[in-house]
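Residue numbers (our numbering): -14 to 302.
A virtual CB, placed ideally from N, CA and C, is assigned to each residue, including glycine.
See below for the structure under consideration.
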């Protein structure tokens, strides 16, 4: 089995196990409250929450970042690459491109396979080479093609149902504790402990699921671009920029280690290592571009001079 197939299988199994684990926590909380029948009610509640939960309109997310659509005439080469990535990913239509006026190096995708959009910041356009930018775009296209937004919405629905049952169970216990003590009944402390820790466990599983989906998007980006160097170089540059920023603001001259359990993205070194292992297994034709080619930013996109800061409602850009 090739390294790509092995990594892909590992990521799929990892994601499936995490989803199953979250479903088991939902079932355990439901069983604690309502017995055997509660398991079905708990799972049904999670599904109902996912179906009925209001989907955040992509336009709203983009507006929070003050993103504006980029015309084809402004970045024709980027649009051409994005169209080819969409074709290779079998998307119904290429994602629309948006520009975020921020010096932060960032890119994100919104929407679904049919109506997707990818936003890139001013810092991304001016600090990455064309090949690196294409690698980042391929990563975001992979998220869209893999329906990762739907997967994370499912995980979020189960997490919210678990939190609701946890609060309900603790309130019911507090209300009935005097009656339980008067009757001399034994309080099931293990079940109480389950209700207390369940929301935290769900949060940790969500973080782990996010990391698994990031690995999968990296691997699929290699298939879309036909090479590993672009995305690997972009990841290294993003890591360097983030490190310099936080070192300058919080701990000058020192790194800020993130606890692995609390990372939404995998360690950059591990992502690059996995990418490099696939160098000799790529079968897709590369989207050829010199490694030193820069992104030609038109005069219609003015450089951003202001420093990144928190903005309402708690968004950093």
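Less than 7 Å between C-beta atoms, sequence neighbours within five positions excluded: which residues of the same chain meet that for residue 371?
The structure shown has nothing for residue 371, since the chain only spans -14 to 302.
In this structure, how does DSSP classify residue 282 when only helix, strand and coil are distinguished?
Three-state result, residue 282: coil.
Counting pairs of beta carbons, one from the region 93 to 104 and one from the region 152 to 159, are three or more of them closer than 8 Å?
Verdict: no, contact absent.
Note the first and the last residue of the continuous alpha helix (DSSP H) segment covering residue 63.
Where residue 63 is concerned, the enclosing alpha helix (DSSP H) stretches over 61 to 73.
Give the range of the alpha helix (DSSP H) segment to which residue 129 is assigned.
That run of the alpha helix (DSSP H) goes 115 to 130.
May I have the straight-line CA-CA distance separating residue 83 from residue 177, to the nearest angstrom?
Using only the alpha carbons, I get a separation of about 48 Å.
Could you check the C-alpha separation between residue 187 and residue 147 for me, to the nearest Å?
Near 8 Å, if we compare the C-alpha coordinates of residue 147 and residue 187.
So for residue -5, helix, strand or coil by DSSP?
Three-state result, residue -5: helix.
Can you name the residues that DSSP bridges to residue 94?
The partner list for residue 94 (beta bridge, DSSP) reads 103.
Just list the residues that DSSP pairs residue 295 with in beta bridges.
Paired residues: 301.
Going by alpha carbons, who is nearest to residue 62 out of 130, 163, 301, 114?
The shortest C-alpha separation from residue 62 is found at 114.
Following the continuous beta strand (DSSP E) through residue 82, name the residue where it begins and the one where it ends.
Start and end: 81 to 85.
With a 10 Å radius around its C-beta and 16 neighbouring C-beta atoms as the bar for buried, classify residue 73 as buried or exposed.
Buried: at least 16 other Cβ atoms inside 10 Å.
What is the C-beta distance between residue 70 and residue 122, in whole angstroms, given that I count them as a contact (C-beta under 8 Å)?
Confirmed, about 6 Å.
Would you list the residues sitting across from residue 53 in a DSSP beta bridge?
According to DSSP, residue 53 bridges with 84.
Could you tell me how far apart the beta carbons of residue 197 and residue -1 are, in whole angstroms, since I believe they sit closer than 8 Å?
The Cβ separation is near 4 Å, so the contact holds.
So the candidates are 294, 23, 218; which of them puts its Cα closest to the Cα of residue 112?
For the residues 294, 23, 218, the minimum Cα distance to residue 112 belongs to 218.
Would you tell me roughly how many angstroms separate the C-alpha atoms of residue 253 and residue 138, rounded to the nearest one?
Their Cα atoms are separated by approximately 25 Å.
Select from 190, 163, 193, 155 the residue whose C-alpha is nearest the C-alpha of residue 175.
Closest by alpha carbon: 155.
Out of 24, 59, 269, 226, which one is the CA nearest neighbour of residue 287?
Ranking 24, 59, 269, 226 by Cα distance to residue 287 puts 59 first.
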